[in-house]
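Visitor: One structure, as structure tokens, below. Some questions next.
Protein chains in written order, with this note's numbering: chain V, 1196 to 1622; chain U, 1196 to 1622.
Printed below as a string of structure tokens:
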């Protein structure tokens, strides 16, 4: 008799509505391949060239030779298993110093298979038992809530940009016998909301974290892509007391196909015998049980890319930054044009004005659910992402996320025109 | 005040003696860089050439062009996020058909970051709650027991090669209210024991699995490397009822630095609404929460390597197979020479005679622990792996694992001479 499994017998994270929502979004995208899509958060491809990969690889291998490695050692580095913490921590540290003014000891860096694996490792290390809770800024990136579900970790949402709520929630949880361990936040151009924390709020968050004995997990995939000049310091750059675990990604600043991310975790960890390691070392131990080590191939190619750009990705990404900024400006301008201020209240339409990044949020006068999304794709040829799945405790039912990263200016203008027609038809 | 963490407050898997043992082994290896090491299970490097990487990549990109992809689509495939299940499932399926006579539907394949990620996903999918238990063949590869610990899944050891014990253990657990979900086994040249399941035992295992409603997780990193001709069918090739989830790895048959593995999971999964997917689809959902997708870069390079070898890795690996076989023959021959049969009983020394793979096990007349390992490295210049950490329920204290994969014949002969001196000094 053939084996049959029941979904109900498998792990609960597989029955999560969030996963169904993501699956549905992918299906609709495939069913309407000609629709203009504001859905994907992937980077623009115009700056990629396949011929560059071999060049970056050569640059990295030459760098190893320049550091005195023999040809055999170069071969071992590229082809064999390697150190669990990775082989390009030094280049990542130099890049962080140049781009973010962030002085990270290479020993505190763990190179991961995307920032997603970094999240999984940090959550696993910090949350030891059923009472350990992760606080998340809400609306929240689905990657972190998903990783928490996979590990059976409870997440508790805190409204985005509300430090008083963070402290109050931590205290309430502690009074209930829970142990709030960390607060996950994307301070720059958050996914999905597009919003950013003001500089003074960053210092305040670090104070709150210290008072409530929380770590802060700072995820920063979009920090480079400011619309107007004037970047803000990362939380980690402001962190004087090792409160912040920093998640980095090369998916948007180099390319996603390498799946390269990293964690900066410089917190000391004391063992019962009194010996001290860094949290990074503990994350590396866990990593030996998830992926063993990050592909040397990916590290070598991204390493070569960093070396090619003198470990200055902000400069290297200037054309990409200009591209996303122009796109966001077109999006906001076209929304203004299609929904004149005088009409907006009557229509029940509004949106935020992010200062950078890939995303903006549109409030609409109807439920922006899967049915609406499919109707919009079918009848109006335009796609977007419902916001509700990003709210762990409910909310956002009449909101949708618009991403400008994968379209060009003409497509964005046309997309907003189609979207406006849909909103007016649905109002 | 600076943040300090206590190891006791972090997840329990970080305080596992197994991890300490692996860390200690790495430390000793670093402290005695000139010692001959029978410890690492990594492949021989003599067949790797750095110049090949760019060629394999080109072969794969040309393959995409040959399938009608435009230059933009080729670029997207290499640089962007990609399908969670991967992009080389078709090539993997062809290779499995050619090399193993195993007909796998590409839809049942999930490409993973090494077999390690595959294990993690399978364990997570199958073990939904605290009563769900994983049976493991003991001594057992530490990767699977480690992944189970990371997920708080209980593992129950079953003595290697004892099908009656498997059935009895499953029944006992069920009587205790537990739910035994699957049995993890390496049927060919197991890590750490080097032993293999006879063909008739394979059919028997599948019958037992059916009777006890267990899935079998077959891990097969070493199957190619038979010392004498006469390979055995994989469990998956014998599987007529979708009982077997197959874990594959390209670490030993291509190279580890790509970190490419895969799972074949063709089990149907029925959702509460009656719709059916494959277990592979469910694993892919979980994968979106661990690493999102396997690096396209790694998939492209290994894909090009498969295409270069006409999807016949067994043939391509003939020189590697001959190399490992010769090494194993030298190891066993030198053990014979240094421990003549007449002396063996008196000395309390014996070993098994694996028919292939990387590993053999030596029984010694003293506790083969970390202290012994360090003494042996320091005084005799030779390293090995203690077996005790591979026994989840204790055992193996006077056993050590010898790996022949990373040494040459001369080194093996010299290593056994040193080891024999150590054994005689310690007896």
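Heads up, the beta-carbon is just placed ideally off N, CA and C, and yes, glycines get one too.
1. Tell me which residues share the same chain as residue 1379(U) and place their Cβ nearer than 6 Å to its Cβ, disregarding the 5 neighbours each side in the sequence.
2. Would a check of beta-carbon distances place residue 1335(V) closer than 8 Å to chain U?
3. If you compare alpha carbons, which of 1422(U), 1442(U), 1466(U), 1421(U) is closest to residue 1430(U)?
4. Check whether the segment 1576-1594 of chain U touches the segment 1318-1334 of chain U, taking contact to mean three or more Cβ pairs, one atom from each stretch, closer than 8 Å.
5. With a cut-off of 8 Å on the beta carbons, I'd call residue 1279(V) and residue 1603(V) a contact; round off their distance for me.
6. Is it a yes or a no for the segment 1464-1472 of chain V touching the segment 1504-1517 of chain V, going by three-plus beta-carbon pairs under 8 Å?
7. For residue 1462(V), is the classification buried or exposed, using 16 other Cβ atoms within 10 angstroms of its Cβ as the cut-off for buried?
8. Compute the Euclidean distance between the alpha carbons of residue 1584(V) and residue 1277(V), then round it to the nearest angstrom.
9. Using 8 Å as the Cβ pair cut-off and three pairs as the minimum, do the segment 1515-1522 of chain U and the segment 1358-1366 of chain U touch?
10. Since I believe residue 1199(V) is in contact with residue 1319(U) (beta carbons under 8 Å), could you give me their beta-carbon distance rounded to a whole number of angstroms?
11. Would you say residue 1201(V) faces chain U, with C-beta separation under 8 Å as the test?
12. Within 10 angstroms of the Cβ of residue 1212(U), are there 16 or more other Cβ atoms? Answer buried if so, exposed if not.
13. Check whether chain U comes within 8 Å of residue 1483(V), counting only Cβ atoms and requiring the distance to be less than that.
14. Can you list the residues of chain V that residue 1606(U) reaches, using a CB-CB cut of under 7 Å?
15. Can you list, in chain order, the residues of the segment 1492-1504 of chain U whose Cβ is nearer than 7 Å to any Cβ on chain V?
16. Quickly, what does DSSP pair residue 1413(V) with across the bridge? List them, please.
17. Hey, how far is the Cα of residue 1409(U) from the Cα of residue 1236(U)?
18. Going by DSSP in three states, residue 1614(V) sits in which element: helix, strand or coil?
19. Would you tell me roughly how many angstroms separate the C-alpha atoms of residue 1289(V) and residue 1323(U), rounded to the nearest one?
20. In chain U, what lies closer than 8 Å to residue 1488(V) by C-beta?
21. How would you list, in chain order, the residues of chain V whose beta-carbon sits under 9 Å from the beta-carbon of residue 1240(U)?
22. Cβ of residue 1208(U) within 8 Å of Cβ of residue 1345(U)?
23. Check whether chain U comes within 8 Å of residue 1204(V), counting only Cβ atoms and requiring the distance to be less than that.
24. Output needed in chain order: residues of the segment 1427-1445 of chain V with a Cβ under 7 Å from some Cβ in chain U.
25. Run down chain V in chain order and give the residues with a C-beta less than 9 Å from the C-beta of residue 1260(U).
26. How far does the alpha helix (DSSP H) with residue 1212(V) in it extend, from its first residue to its last?
27. Take residue 1502(V) as the anchor and find which of 1293(V), 1244(V), 1451(V) has the nearest alpha-carbon.
28. Check whether the Cβ atoms of residue 1435(U) and residue 1383(U) sit closer than 8 Å, and answer yes or no.
29. At a threshold of 7 Å, does residue 1501(U) count as lining the ligand NAD (C-beta to nearest heavy atom)?
30. Grab me the residues of residue 1606(V)'s own chain with a C-beta within less than 7 Å of its C-beta, minus the 5 sequence neighbours each way, in chain order.
31. Please report the residue range of the alpha helix (DSSP H) in which residue 1305(V) lies.
32. In this structure, what does DSSP give as the bridge partners for residue 1554(U)?
33. Show which residues of chain U have a CB atom less than 9 Å away from the CB atom of residue 1197(V).
34. Would you say residue 1407(V) lies against chain U (beta-carbon separation less than 8 Å)?
35. So, is the C-beta of residue 1536(U) closer than 8 Å to a C-beta in chain V?
36. CB residue 1261(V) to CB residue 1326(V), shorter than 8 Å?
Guide: If we stick to the structure as given:
1. Around residue 1379(U), the same chain offers 1331, 1339, 1412 as residues with beta carbons nearer than 6 Å, after the five sequence neighbours per side are excluded.
2. For residue 1335(V), the answer is no, since every Cβ of chain U falls outside 8 Å of its Cβ.
3. Nearest to residue 1430(U) by C-alpha distance, out of 1422(U), 1442(U), 1466(U), 1421(U), is 1442(U).
4. Contact holds: three or more Cβ-Cβ distances are below 8 Å.
5. Not a contact, Cβ separation roughly 41 Å.
6. Taking 8 Å as the limit for Cβ pairs, the verdict is that the segment 1504-1517 of chain V does not touch the segment 1464-1472 of chain V.
7. Buried, since its Cβ has 16 or more Cβ neighbours within 10 Å.
8. Rounded to whole angstroms, residue 1584(V) to residue 1277(V) spans 38 Å at the Cα level.
9. Cβ pair count under 8 Å is below three, so no.
10. That belief does not hold up - the Cβ atoms of residue 1319(U) and residue 1199(V) are roughly 20 Å apart, past 8 Å.
11. At a cut-off of 8 Å, the C-beta of residue 1201(V) has a neighbouring C-beta in chain U.
12. So residue 1212(U) counts as exposed.
13. Chain U contact via Cβ: present.
14. Within 7 Å Cβ-Cβ: nothing; residue 1606(U) doesn't reach chain V, min ~15 Å.
15. For the segment 1492-1504 of chain U, the set of positions with a beta-carbon nearer than 7 Å to some beta-carbon of chain V reads 1492, 1493, 1496 in chain order.
16. BP columns for residue 1413(V) point to 1380(V), 1441(V).
17. Here the alpha carbons of residue 1236(U) and residue 1409(U) stand approximately 29 Å from one another.
18. Three-state result, residue 1614(V): helix.
19. One C-alpha to the other measures close to 43 Å.
20. Per Cβ cutoff of 8 Å: 1454.
21. Neighbours of residue 1240(U) on chain V, chain order: 1267, 1270, 1271, 1274, 1275.
22. Remark: C-beta atoms of residue 1208(U) and residue 1345(U) approach each other more closely than 8 Å.
23. Under the Cβ criterion of 8 Å, residue 1204(V) is counted among the residues facing chain U.
24. Look at the segment 1427-1445 of chain V: the residues with a C-beta under 7 Å from a C-beta of chain U are 1436, 1437, 1438.
25. Identification of chain V residues near residue 1260(U) by a Cβ-Cβ cut-off of 9 Å yields none; the smallest Cβ-Cβ distance measures about 10 Å.
26. Where residue 1212(V) is concerned, the enclosing alpha helix (DSSP H) stretches over 1212-1226.
27. Here the closest residue by C-alpha is 1293(V).
28. The beta carbons of residue 1435(U) and residue 1383(U) sit no closer together than 8 Å.
29. In the structure shown, the ligand NAD is absent, as is every other ligand, since no ligand is present at all.
30. Residues of the same chain with a CB within less than 7 Å of the CB of residue 1606(V), apart from the 5 flanking positions on each side, are 1231 in chain order.
31. Premise fails: residue 1305(V) lies in the beta strand (DSSP E), 1304-1308, not in any alpha helix (DSSP H).
32. Secondary-structure assignment with DSSP links residue 1554(U) through a beta bridge to 1598(U).
33. For the C-beta of residue 1197(V), the chain U residues within less than 9 Å are, from N- to C-terminus, 1435, 1436, 1437, 1438, 1462, 1463.
34. Contact with chain U is absent for residue 1407(V), since none of that chain's Cβ atoms lies less than 8 Å from the residue's Cβ.
35. At a cut-off of 8 Å between beta carbons, residue 1536(U) makes no contact with chain V.
36. The criterion of a C-beta distance shorter than 8 Å is not satisfied by residue 1261(V) and residue 1326(V).
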